[in-house]
Amino acid sequence: MAAPETSPTPSSLRNAFGHVFSFFILILIGVLAFSIRLFSVIKYESVIHEFDPYFNYRVTQFLTKNGIYDFWNWFDDRTWYPLGRVIGGTVYPGLTLTAGTLWWLLNSLNIPLSVETVCVFTAPIFSAFASWATYLLTKEVKGAGAGLTAAALLAMVPSYISRSVAGSYDNEAVAIFALIFTFYLYIKTLNTGSLFYATLNSIAYFYMVCSWGGYTFIINLIPMHVLLCIVTGRYSSRLYIAYAPLVVLGTLLAALVPVVGFNAVMTSEHFASFLVFIIIHVVALVYYIKGILSPRMFKVAVMLVLSVGLVICCTVVAVLIALVASSPTKGWSGRSLSLLDPTYASKYIPIIASVSEHQPPTWPSYFMDLNILAFLVPAGIVACFLPLSDASSFVILYIVTSVYFSGVMVRLMLVLAPAACIMSGIALSGAFDVLTRSLKFQLPGTSEIFASDAVDTGSESVILNKDGAKEDKSEDSVKERPSKKSKKKEKEKEKEKEKEKEKEKENAGTLSSRSHAGTSSRRPLVLPVEASVIAIFLLVLLVAFYVVHCVWAAAEAYSAPSIVLTSQSPDGLHVFDDFREAYAWLSHNTDVDDKVASWWDYGYQTTAMANRTVIVDNNTWNNTHIATVGTAMSSPEKAAWEIFNSLDVKYVLVVFGGLVGYPSDDINKFLWMVRIGGGVFPHIKEPDYLRDGQYRIDSQATPTMLNCLMYKLSYYRFVETDGKGFDRVRRTEIGKKYFKLTHFEEVFTTHHWMVRIYKLKSPRNRIRGKTKKSKSKSSSTISSKSSRTRKKNPWN
Amino acid sequence: MRKIGGCDLSLVLLAISFSVLFAPVLSDLVISKVDRRVDLTSQHVRLFTTLKVENNGTDSVSEVLLPFPDHQSKNLAFLTATTTEEKGKSKSSSQALPIKVVNPEGMPISLAWYSASLPKELGKGGQLTLEIRAVFTHALRPFPEKITQADAQLVVFQDSAYYLSPYVVKAQSFTVKLPEPRVESYTKLENAKLSGSEIKYGPYENIPPFSYTPIVVHFASNGPFAVAKDLVREIEISHWGNVQITEHYNLIHAGAESIGEFSRLDYQARPYLRGASAFRHLIAKLPPRAHSVYYRDEIGNISTSNLWGDSTKTLLEIEPRYPLFGGWKTSFTIGYGLPLHDFLFQSEGQRFLNISFGSPMNELVIDNLIVKVILPEGSKDITVSVPFPIKEWQEMKFSHLDMVGRPVVVLEKTNVVPEHNQYFQVKYRFNNLSLFREPLMLISGFFFLFVACIIYTHADFTISKSSASYVAKLQWDEVQTAIQQFQGVMSRCLAIHDKLEASLRDLSRTGDAQACKAARKAADSSLKELSKELKSLLAFLQSSPQAAQILPKVDELVVKEKELQEKLMLKHSIVVDAFEKRSGGRDTESRVASIQQKITALRLEVDDLLEVIDEI
């Protein structure tokens, strides 16, 4: 029992050092993930970005001001006028609750940060968490080295940065963390079989359900993996513990979220999980019976059960199919359907199709968003097959499904990014393992050990082995549990091989590139020095390129808040702050209860920044209402006035980029208004706005186009700016240059004309209506006239 | 005149009633000469009055009454009176007189009375020159009240051509200075004369007391009518070296209300014709060395501002998000930091803050100003001295990591004009050690957090000490220590092996076979000792149920190690023998090589096993 401290010191000290080292690396990765997302604050300002984040910000403000119970019961009457919207029941509360809690915590510590600041920095904080979660997940799959690499890659993957820069206060910001963390806990449960982690897993799943509609991805992916494990004969009690509690607890918890509610058991998105839940129980029963019966008895029992079970299964499936088929959308929500059938949305739901982030991505966007990861993923998949464990099969399944989904919708690239990072992390760390090890074995002085000095060999190679094995130790530990038996056999085989190899004293370079730890770490002879040096150099170069690309993407491509635009001019930066100018004007110079109509893109911003009631907003829950606004925008002035007046609208806001060349303005979105409007009100026909199938606003444009409200509001008095009316976005002179507005008056136009606000003129008196009749042109129809007179009658 | 005649009628009646009812009062004093000049170039109406007062009575007089009609007094923001004593011809020293509101008996109630107390009583026949300076806000009424974008803004100013006074006025004149020569109309009295942008009434002589002849001037004024409905200034003192000032403005253009269309085109193409009444920017004159200046509103930074400065001032030109037309409102916040040593001083163990009261923008009328001075946590004995009357109270504010809160001195004043931009003082006591309260709190907080972590990891928090899992855990711990010891033994064995190898190498170098043999003996004995140790450990491991899992590995390892040991000994003896016999190298070499291979393989296996055990 002597001297325990002398011998265990090297390994335990090494371990302790390794832990501290990786802890610091993780902290640095967190700092990196946080700080790379601050470009938007440094280059622009600490402000909420884009559209949806403004809504989330507004909800958070409400939450911090009124408390959680008012939040659940919040009926928002400032949007979707006159319908309103039940916010508490239609919003995923995870993000708001997270930021609200953060704010509350800080304030109870007397750190007076504003709600806005907390909201702005929520996304960067959670991306640091997400990279830590990636570390944990990858560590479970392939060891700490791969974990650290994957975490570092995720910390700066552009695809994720695009959704989580400071100010991008959207559901995805916390949801990606929740997604990865749920997967980690699932794998952890799978590896340990601990009920504790299974419970944590359900809670993490609950948080994910709170945060994002993408939770259906989890509740479909995990059953798929369970099914895969069962089919490939990898069923174990650990699998059961990983899955069954998740379904039961997870579904119960998910049903607590108001926006999900009974959807957690009623919609088709969740059926897969229940089906697999049944299957896993059947399998568990079979394994149990197999354990207690003799093989012969078991065969008899199988025959019996199969015949009865098939009948029951058939009836259940038939009932299910009948149930699903009876609902109009087959029980699937529109967005999910458009995932399964990419052409679904463009055929049936123009609103979903009109959003640019719902379009399929282009090839360059893969390179832009994933960069080198796109090429490293196949290597990672190969590495995951060497050997295939439960955990690595899960990651493979994850990457395959997410590649498919990202191919359907641009915004699901976000789901692909963590998978790609994990795969690339595994590939990169495997490659570095092999290369550095082969370098180490062939350092000067050690290369000839096997050739000449036989006496030296023993001790030297031991030391080398120790060093080489150090890196792979943790990887071994992970693999040890799931497949100990196979592992042992494998090892023995490898050992035999090694003996042979060493007898032959040959350099086994090529084989060693199969980088799995247990095998190659013990094979001292690997790649030649020159090759590994060059390969390491190239790999470092590759990773450096990735870092440069990510920083560029973070700084240039994804940091613009989109409410402030800038342009580089010879005399410095020029700022276009027109949106906020207009919203500030609305908020200060109109009545609190005035209603503002605009296309739905600007709904969230108007309610949040201008605090005015809007008709439609980015929630797009009521297609008819949006179609009404679309119809008004595509109608002639008078008809539009009537529609707006019937909605009690006081101001109409249009976004116009023709003066400064801002391309995403309302004229460019106009065809969607026509399409959506025409989908509900058939008198709006898309061909009326197109000349020979082409959308144009110049002199060749159709009269319907030139007389519609959107055209008039956008180009009112535009010609007087340069005398010709040259539109810099469409690069053409406008068709109808001089016209007057009869039912609207301009009340505000921003500095660069990007936002124009018009006021509905109050209805004319009866006497003046007569004089107007002579003026009124062909555009005003008889029916609208009669309705106008009818409206005035009450005062008569 | 027709347009605005209606509103004057009441004033005329008022004036008549004054002169009729209160003719013979307070007539000891006689004003020998009054010179009044009113400056209408901005929205602040500044009235300068020079009075020459003579005491014709017998009693000496100690105060001069200054009445203002109600409609003026409710707009009166600022009033001072100074006397100039003439000591010789050129030198004159001025002295501010205390002014108080009085309510003399028997005087008409529609007048507000102020009295200036003279520095020394004015005896019989004494003379005195008084300079009175009054500033009125909201005294210019836009007329018409609503204009379109293209119209110029016209305003109306009302006053009396005669100096309203309870005393007889012997000679007087009244000058009205307008911003531009464009005058719509003015009341034409005798001796009234318009020249350029000045209207002159007078001179008039021997006017009885309480004479009031209303005059109305209707003229164009396109200056900015910026009125801050509310302004909250927060002055936060940090003894780490900074005074942070944050000003929240709630601004309105109080001129003629804009109606009809606002056309950006017209405004951009002909800004001084279409939109003359709008104001685009304000200039804030900040103290020198102001830093970290920001300008924002509730939806973010406002990018239209300029900042430049020199050693005497810092100029901040801010432009609201949109040009302000009549009736339009906006709100914004500006903030800046100032070096502490410019504003905070120490005297007699007390510290005092000396900083200006009003807004740094000179064109502004502030309807309601709240100044909050936030002192550092732990300040006490707070006193405030402000050179004019204000409302004052104290609050607490909790900011960064405060425990008891920071005392806040709140000063409120309505109707503030740039003349109020005077320094005021806040005196308080503050212990320097309080500075370190928060850093120390943070440090100790983290310290205790870490200590708690350490305690948590080292302490045993198991509730039921007899539960199966707990016992199992304890046993497992024992097994682990046993295995660690086992590993230690193993690695010592391996070290001995290494020593043996080393002795062989020494042999090939030095040729000392005896030393080599001695080394073998020593190794042999120590290995035996170790195997004894090993036995006890193995016995323990075999007895423990927890170790069942790793026992096969351990056994395997022991076997392998034994084998390795034997092979090594064999090799050692062969080599030594061969050396002693000096027998032919080739034969021995081949034997040694075959053994060596086995040794290497065994060694690898042993290391593998050690690692495997290590992982457990």
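From first to last, the protein sequence lines are chains A and B.
Under UniProt numbering, think of the first position of the first sequence as 1, with each following residue one higher.
Under UniProt numbering, think of the first position of the second sequence as 1, with each following residue one higher.
The beta carbon of each residue, even a glycine, is placed where N, CA and C say it ideally should be.
Requested in this report: Can you give me the Cβ contacts of residue 89 of chain A inside the same chain, cut-off strictly under 7 angstroms, excluding the 5 residues immediately before and after it?
Outcome: So the list reads 258 and 259, once near-sequence residues are dropped.
Query raised in the report: Can you tell which of B:525, B:150, B:610 and B:243 has its C-alpha closest to the C-alpha of residue 558 of chain B?
Result: Checking every option, the nearest Cα to that of residue 558 of chain B belongs to B:610.
Query - For residue 247 of chain A, the three-state DSSP class (helix, strand or coil) - result: Three-state result, residue 247 of chain A: helix.
Query raised in the report: What's the C-alpha gap between residue 749 of chain A and residue 263 of chain B?
Result: Straight-line measurement puts the Cα of residue 263 of chain B at about 7 angstroms from the Cα of residue 749 of chain A.
Report task. Using beta-carbon positions only, say whether residue 670 of chain B and residue 266 of chain B come within less than 8 angstroms of one another. Result -> Past the edges of chain B, shown from 1 to 616, lies residue 670 of chain B, and the structure says nothing about it.
**Report entry** residue 51 of chain A versus residue 744 of chain A: straight-line alpha-carbon distance, rounded
**Finding:** Going by the C-alpha atoms only, they are around 27 angstroms apart.
Query raised in the report: Is the stretch 599 to 609 of chain A touching the stretch 342 to 350 of chain B in the sense that three or more CB pairs, one from each, lie closer than 8 angstroms?
Result: With a cut-off of 8 angstroms, the stretch 599 to 609 of chain A and the stretch 342 to 350 of chain B do not count as touching, because too few Cβ pairs lie within range.
Query raised in the report: Residues of chain B with a CB under 8 angstroms from the CB of residue 112 of chain A: which are they?
Result: Per Cβ cutoff of 8 angstroms: 398, 399 and 400.
Query raised in the report: What first and last residue would you give for the beta strand (DSSP E) that runs through residue 116 of chain B?
Result: 111 to 122 is the span of the beta strand (DSSP E), which, as asked, contains residue 116 of chain B.
Query raised in the report: Over what stretch of residues does the beta strand (DSSP E) that includes residue 396 of chain B continue unbroken?
Result: Element bounds for residue 396 of chain B: 391 to 397.
Query - Classification of residue 281 of chain A by the beta-carbon crowding that lies within 10 angstroms, buried from 16 upward - result: Residue 281 of chain A is exposed by the Cβ-count criterion.
Query raised in the report: Can the beta-carbon of residue 634 of chain A be found closer than 8 angstroms to that of residue 710 of chain A?
Result: Taking 8 angstroms as the cut-off, the Cβ atoms of residue 634 of chain A and residue 710 of chain A count as close.
Query - Three-state secondary structure assigned by DSSP to residue 346 of chain B - result: When DSSP states are grouped into helix, strand and coil, residue 346 of chain B belongs to the strand group.
Requested in this report: Report the neighbours of residue 299 of chain B on chain A: residues whose CB is nearer than 7 angstroms to its CB, in chain order.
Outcome: Within 7 angstroms Cβ-Cβ: 580, 583, 584 and 609.
Query raised in the report: Which residue from A:657, A:677 and A:676 puts its Cα closest to that of residue 668 of chain A?
Result: Checked all of A:657, A:677 and A:676; the closest Cα to residue 668 of chain A is A:657.
Report task. Decide if the stretch 216 to 235 of chain A is in contact with the stretch 390 to 397 of chain A; the criterion is three or more beta carbon pairs, one per stretch, under 8 angstroms apart. Result -> Three or more beta-carbon pairs drawn from the stretch 216 to 235 of chain A and the stretch 390 to 397 of chain A are found closer than 8 angstroms, and the two stretches are therefore classed as touching.
Query raised in the report: On the premise that residue 332 of chain B lies in contact with residue 374 of chain B, defined as a C-beta separation below 8 angstroms, what is that separation, rounded to the nearest angstrom?
Result: Between residue 332 of chain B and residue 374 of chain B the Cβ distance is about 21 angstroms, and since that is not below 8 angstroms, they are no contact.
Query raised in the report: Which residues does DSSP pair with residue 35 of chain B in a beta bridge?
Result: Partner(s): B:50 and B:173.
**Report entry** Coil, strand or helix - residue 442 of chain B by DSSP
**Finding:** In the structure shown, residue 442 of chain B sits in a helix (DSSP, three-state: H, G or I).
Query raised in the report: For residue 292 of chain B, which residues from the same chain have a beta carbon less than 6 angstroms from its beta carbon, with the 5 sequence-adjacent residues on both sides left out?
Result: Excluding its 5 nearest sequence neighbours in each direction, residue 292 of chain B has C-beta neighbours in its own chain below 6 angstroms: 337, listed in chain order.
Requested in this report: Drop a sphere of 10 angstroms on the beta-carbon of residue 707 of chain A, count the other beta-carbons inside from all chains shown, and report buried for 16 or more, exposed for fewer.
Outcome: Buried is the label assigned to residue 707 of chain A, since at least 16 other Cβ atoms lie within 10 Å of its Cβ.
Requested in this report: Check each residue of the stretch 712 to 728 of chain A: if its Cβ is closer than 7 angstroms to any Cβ of chain B, include it; give the result in chain order.
Outcome: Those residues of the stretch 712 to 728 of chain A that come within reach of chain B (Cβ to Cβ, closer than 7 angstroms) are 717, 720 and 721.
Query - Entirely enclosed alpha helix (DSSP H) segments - the stretch 93 to 123 of chain A, minimum 4 residues - result: Within the stretch 93 to 123 of chain A, the complete alpha helix (DSSP H) segments of 4 residues or longer fall at 94 to 108, listed in chain order.
Requested in this report: Figure out for me which residue from B:399, B:286 and B:351 has the closest Cα to the Cα of residue 358 of chain B.
Outcome: The shortest C-alpha separation from residue 358 of chain B is found at B:286.
Query raised in the report: DSSP state of residue 542 of chain B, grouped into three classes?
Result: In the structure shown, residue 542 of chain B falls within a helical segment according to DSSP collapsed to helix, strand and coil.
Requested in this report: Could you have a look at residue 212 of chain A and say whether DSSP puts it in helix, strand or coil?
Outcome: Residue 212 of chain A: coil per DSSP, three-state reduction.
Query - Of the residues B:280, B:176, B:40 and B:349, the one placed nearest residue 326 of chain B, counting alpha carbons only - result: Taking only the C-alpha atoms, the option nearest residue 326 of chain B is B:280.
Query raised in the report: Would the beta-carbon of residue 66 of chain B fall within 8 angstroms of that of residue 139 of chain B?
Result: Taking the C-beta atoms as reference points, residue 139 of chain B is found no nearer than 8 angstroms to residue 66 of chain B.
Query raised in the report: Does DSSP classify residue 139 of chain B as helix, strand or coil?
Result: Per DSSP, reduced to three states, the secondary structure at residue 139 of chain B is coil, with no helix or strand assignment.
Requested in this report: Assign residue 599 of chain B to one of two classes, buried (16 or more other C-beta atoms within 10 Å of its C-beta) or exposed (fewer than that).
Outcome: Within 10 angstroms of the beta-carbon of residue 599 of chain B lie 16 or more other beta-carbons, which makes it buried.
Query raised in the report: Straight-line CA distance for residue 470 of chain A to residue 527 of chain A?
Result: Confidence at residue 470 of chain A is low in this model, with a pLDDT of 39, below 50, so its placement is unreliable and the value that follows should be read with caution. Going by the C-alpha atoms only, they are around 19 angstroms apart.
Requested in this report: Would you verify that the beta carbon of residue 577 of chain A is, or is not, closer than 8 angstroms to some beta carbon of chain B?
Outcome: In terms of beta-carbon proximity, residue 577 of chain A lines the interface with chain B, with at least one pair separated by less than 8 angstroms.
Report task. Residues of the stretch 736 to 750 of chain A with a CB closer than 9 angstroms to any CB of chain B: list them in chain order, please. Result -> Of all residues in the stretch 736 to 750 of chain A, 745, 746, 747, 748, 749 and 750 have a Cβ within less than 9 angstroms of some Cβ in chain B.
Report task. Using a Cβ-Cβ cut-off of less than 8 angstroms, list which residues of the stretch 88 to 115 of chain A approach chain B; keep chain order. Result -> For the stretch 88 to 115 of chain A, the set of positions with a beta-carbon nearer than 8 angstroms to some beta-carbon of chain B reads 109, 110, 111 and 112 in chain order.
Report task. For residue 368 of chain B, write down the residues that DSSP places opposite it in a beta bridge. Result -> When beta bridges are read from the DSSP output, residue 368 of chain B appears opposite B:414.
Report task. Give me the Cα-Cα distance between residue 691 of chain A and residue 662 of chain A, rounded to the nearest whole angstrom. Result -> Rounded to whole angstroms, the separation of the alpha carbons of residue 662 of chain A and residue 691 of chain A is 24 angstroms.
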